[in-house]
Amino acid sequence: MGTGLLSSAFPRREGVLWAGGVPLSRIHEEYGTPLYVYDAAVVRQRYDRLVDAFAGVELMLAYSVKANGNLALLDLLRRLDSGADIVSGGELFRVRAAGFDPERVVFAGVGKSEEELAEAIRWGIHGFHVESQAELETIDRLATRLGKRTPIGLRVNPDILSPTPHAYTRTGHAQAKFGIPAGDVVELYRWAASREHLWCRGIDVHIGSQIVSPDPHVQALDQVLEIVERLRAEGITLEYVDLGGGFGVRYADQSETMPVEALARRIVPSVSAAGLRLVLEPGRFLVGEAGVLLTRVLLVKHSGEKTFVVTDAGMTELIRPSHYGGEHEIEPVRENGAARRVVDVVGPICETGDFLARDRELALPVAGDVLAVRTAGAYGFVMSSNYNARLRPAEVVVDGERVELVRERERMVDLIRGERIPEWG
Ligand code: LLP
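Note that our numbering gives residue 217 to position 101 of the sequence shown, counting from 1, and the numbers run on in steps of one.
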């Protein structure tokens, strides 16, 4: 299993792409475009692959909700026994709505508000991943006021420059806003251990996103385990280490996923030798390749040397190409037999930065054709916006032969919900 997975996500049969047992053409005919389609079977395979890989240690997978917070996917993952990694009161609301057990929820983020912290303390989550001394003091004050012993883990900044495709997704180097410098961590644990309402339960590190080599994770773990040993020598015994997420998946320019089995072989022995439970926070690895964005070609425009394929989705539906230089594979849902041309696939938004792909070779589509943008299940819909007063797309989940609409396409009335025209002067 596992490595054969790539061939099973949205395969082409007799010229048409399929999701599970359903041709994507049937889905976009029914639900229109732009449309996000997720294949539940791919999420399950990815989940099982991680569980199998890390079988040698007590593991909690805390799905990183930021990658895709749709309730249907949250429900699917919860049923697989996933926990959740959240970063806001809004994500807390989502995982609660999806029925997650608070004891399987961890909360990270550099700027948690007092309201968000108090809400999560009351709910009784598995652990707060604390990113500053100021936050630790606030949690202590709130926990004392609420009379609740509150589990914490400090997020270590290991000063590792992780090999991610874009600088914006590196989080483990000293200049990043994330985490607490490794040299300051022990002192803060000492203080936390002296506080009646703080429970030093774990330790956390997350070095970046879309990483395909185990090495930086192993380096980060080594640093963290050294801290764990120092704390143990002082009588502060932690239960778990959270190694974060960031496991890379396949994009057009990235043919390999993180070899999670190899990663597991390198980290499981030391985590179990340290007597710790392991928490991982995969987002993209679970849902990235499980999703495609379907978009219809509005027109093809020849401008001097350039050919623009103008689609009904752009940066408002999928911002990754323009914001991170993300290279998503794009292919026609139905093969049209046309000659391949180098084109820019662009959206209708009034920005030159609005594109899905530039200088990409593609069988030249015609108006009305539908294209599938691959690996759009993570950081796709969640980063969509209403810029240019665009309606956010619908989302559909396929499970074998079943197709379910799991989020309606926005309507015009959604665009002005909550707005007021004042009584002028
Ligand atoms: N844990 C923490 C603390 C994180 O900050 C993140 C991602 C994850 C887990 C999950 O990372 P994943 O397994 O999904 O790589 N919007 C960017 C990615 C930003 C990631 C932010 N943090 C993109 O589209 O590439």
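Yeah, the Cβ is synthetic: ideal placement off N, Cα and C, and Gly gets one too.
### Message
Do TYR154 and ALA406 count as a contact pair if the criterion is CB distance below 7 Å?
### Response
Here residue 406 is taken as the residue at index 290 of the sequence shown, counted from 1. Here residue 154 is taken as the residue at index 38 of the sequence shown, counted from 1. Pairing ALA406 with TYR154 gives a Cβ-Cβ distance under 7 Å.
### Query
Counting along the chain, where does the alpha helix (DSSP H) carrying TYR440 start and finish?
In the sequence shown, the residue the question calls residue 440 occupies position 324. Going by DSSP, TYR440 is part of the alpha helix (DSSP H) stretching over 436 to 440.
### Start-to-end residues for the beta strand (DSSP E) that takes in ALA488
The count along the sequence shown starts at 1 and reaches residue 488 at position 372. First-last of the beta strand (DSSP E) with ALA488: 486 to 489.
### Query
Under the rule that 16 or more other beta-carbon atoms within 10 Å means buried, what is MET528, buried or exposed?
Walking along the sequence shown from the start, residue 528 turns up at place 412. Classification for MET528: exposed.
### Query
Alpha carbon to alpha carbon, how far is GLY148 from SER500?
Looking up residue 148 in the sequence shown gives position 32. Looking up residue 500 in the sequence shown gives position 384. Straight-line Cα distance between these residues: approximately 17 Å.
### Task
Sort ARG456, VAL344, GLY442, GLY493 by Cα distance to ASP470 and report the nearest one.
What you label residue 470 is simply residue 354 of the sequence shown in a count that begins at 1. Closest option to ASP470, Cα to Cα, is GLY442.
### Query
Name the DSSP bridge partner or partners of CYS316?
Your numbering for residue 316 matches position 200 in the sequence shown. Its beta-bridge partners are ILE268.
#### Entry: LEU122 (DSSP reduced to helix, strand or coil)
As a position in the sequence shown, residue 122 is number 6, starting the count at 1. The pLDDT assigned to LEU122 is 43, lower than 50, so where the model puts this residue is not dependable; a value taken from the coordinates is nonetheless given after this. DSSP places LEU122 in helix when its eight states are reduced to three.
### Task
Indicate the three-state DSSP secondary structure (helix, strand or coil) for MET528 in the structure shown.
As a first step, residue 528 is located in the sequence shown; it is residue number 412 there, counting from the start. Correct three-state label for MET528: helix.
### Query
Residues bridged to ALA200 by DSSP?
Within the sequence shown, residue 200 is the residue found at index 84, counting from 1. Looking at the DSSP assignment, ALA200 forms a beta bridge with TYR179, VAL221.
### Task
Name the one or two DSSP bridge partners that TRP134 has.
For the purposes of this step, residue 134 is taken as residue 18 along the sequence shown, with counting starting at 1. Beta bridge pairing from DSSP links TRP134 with PRO139.
### Message
Quick check on the burial criterion: 16 or more other C-beta atoms within 10 angstroms. Buried or exposed for VAL482?
### Response
Taking the sequence shown and counting its residues from 1, one reaches residue 482 at position 366. Under a 10 Å Cβ-count criterion, VAL482 is classified as exposed, with fewer than 16 other Cβ atoms of the shown protein chains found around its own Cβ.
#### Entry: Every unbroken alpha helix (DSSP H) within the segment 320 to 402, with a cutoff of 4 residues, ordered by chain
Counting whole runs of 4 or more residues, the segment 320 to 402 contains the alpha helix (DSSP H) stretches 331 to 349, 376 to 389.
### Task
Return the bridge partner residues of SER419 from the DSSP annotation.
Mapped onto the sequence shown, residue 419 falls at position 303. Partner(s): LYS422.
### Query
Could you give the distance in angstroms between the alpha-carbon of ASN502 and the alpha-carbon of ARG525?
Translated into the one-based positions of the sequence shown, residue 502 becomes position 386. Translated into the one-based positions of the sequence shown, residue 525 becomes position 409. The alpha-carbon atoms of ASN502 and ARG525 are separated by roughly 12 Å.
### Task
Decide yes or no for the touch test of the segment 503 to 521 against the segment 132 to 142: beta carbon pairs closer than 8 Å, at least 3 of them.
Contact between the segment 503 to 521 and the segment 132 to 142 is present, because at least three Cβ pairs lie under 8 Å.
#### Entry: CB of LEU409 within 7 Å of CB of TYR163, strictly
By one-based count along the sequence shown, residue 409 stands at place 293. By one-based count along the sequence shown, residue 163 stands at place 47. For LEU409 and TYR163, no; Cβs fall outside 7 Å.
### Query
Tell me, which residues are paired with ARG508 by DSSP?
The residue given as residue 508 occupies position 392 in the sequence shown. Per DSSP, ARG508 has no beta bridge partner at all.
### Extent of the continuous beta strand (DSSP E) run through ASP476
One-based indexing of the sequence shown puts residue 476 at position 360. Before going further, note that residue 476 is Arg rather than Asp in the sequence given. Here the beta strand (DSSP E) through ARG476 covers 471 to 479.
### Message
Check for me: the beta strand (DSSP E) holding GLY243 runs from which residue to which?
### Response
By one-based count along the sequence shown, residue 243 stands at place 127. Taken as a continuous stretch (DSSP letters only), the beta strand (DSSP E) holding GLY243 covers 243 to 246.
#### Entry: Contact between the segment 382 to 391 and the segment 342 to 361 (3+ Cβ pairs under 8 Å)
Enough Cβ pairs lie closer than 8 Å, so yes.
### Task
Check whether the Cβ of THR285 sits closer than 6 Å to any heavy atom of ligand 1, and report yes or no.
Here the question's residue 285 lines up with position 169 in the sequence shown. THR285 Cβ: within cutoff of ligand 1.
#### Entry: Limits of the unbroken beta strand (DSSP E) element including TYR154
As a first step, residue 154 must be located in the sequence shown, where it is residue number 38. Secondary structure note for TYR154: its beta strand (DSSP E) is the uninterrupted segment 151 to 155.
### Query
When DSSP labels each residue in this structure, what does GLU235 get in the three-state scheme?
On the sequence shown, residue 235 is found 119 positions in, with the first residue counted as 1. The DSSP-derived three-state label of GLU235 is helix.
#### Entry: Length of the line joining the Cα atoms of VAL226 and ASP475
Residue numbering aside, residue 226 sits at position 110 when the sequence shown is read from its first letter. Residue numbering aside, residue 475 sits at position 359 when the sequence shown is read from its first letter. The C-alpha of VAL226 lies about 38 Å from the C-alpha of ASP475.
### Cβ shell of ILE276 (< 7 Å), same chain only, five flanking positions each side left out
What you label residue 276 is simply residue 160 of the sequence shown in a count that begins at 1. So the qualifying residues of the chain are GLY288, HIS289, ILE323, PRO332, GLN335, ALA336.
### Task
Could you tell me the boundaries of the beta strand (DSSP E) in which ARG456 lies?
Numbered from its first residue, the sequence shown carries residue 456 at position 340. Counting along the chain, ARG456 sits inside the beta strand (DSSP E) bounded by residues 456 to 462.
### Task
Would you decide whether SER198 is buried or exposed? Buried here means 16 or more other CB atoms lie within 10 Å of its CB.
As a first step, residue 198 must be located in the sequence shown, where it is residue number 82. SER198 is buried by the Cβ-count criterion.
### Query
With burial defined as no fewer than 16 other Cβ atoms inside 10 Å of the residue's Cβ, what is the status of VAL458: buried or exposed?
One-based indexing of the sequence shown puts residue 458 at position 342. With fewer than 16 other Cβ atoms within 10 Å, it is exposed.
### Message
Buried or exposed, going by whether 16 or more other CB atoms sit within 10 Å of the CB of ASN452?
### Response
For the purposes of this step, residue 452 is taken as residue 336 along the sequence shown, with counting starting at 1. It counts as exposed.
### Query
ligand 1 heavy atoms versus the CB of PRO330: any closer than 6 Å?
Residue numbering aside, residue 330 sits at position 214 when the sequence shown is read from its first letter. For PRO330, the shortest C-beta to heavy atom distance toward ligand 1 is 6 Å or greater.
### Query
Who pairs with THR411 in a beta bridge, going by DSSP?
By 1-based counting over the sequence shown, the position of residue 411 is 295. Looking at the DSSP assignment, THR411 forms a beta bridge with LEU487.
### Query
Is it true that the CB of LEU270 sits closer than 7 Å to the CB of VAL558?
The requested residue 558 is not part of the displayed model; the chain covers only 117 to 541.
### Query
When the Cα of GLU145 is compared with those of VAL522, GLU447, ARG412, which residue comes out closest?
The residue labelled residue 145 in the question sits at position 29 within the sequence shown. Per the C-alpha coordinates, the member of VAL522, GLU447, ARG412 positioned closest to GLU145 is ARG412.
### Query
If you draw a straight line from the C-alpha of GLY240 to the C-alpha of ILE268, how long is it?
Locating residue 240 in the sequence shown gives position 124, counting from the first residue. Locating residue 268 in the sequence shown gives position 152, counting from the first residue. Roughly 11 Å separates the two Cα atoms.
### Query
When you compare each of GLU421, GLY493, GLU397, PRO509 to ASP428 by their alpha carbons, which one comes out closest?
In the sequence shown, counting from the first residue as 1, residue 428 sits at position 312. Closest option to ASP428, Cα to Cα, is PRO509.
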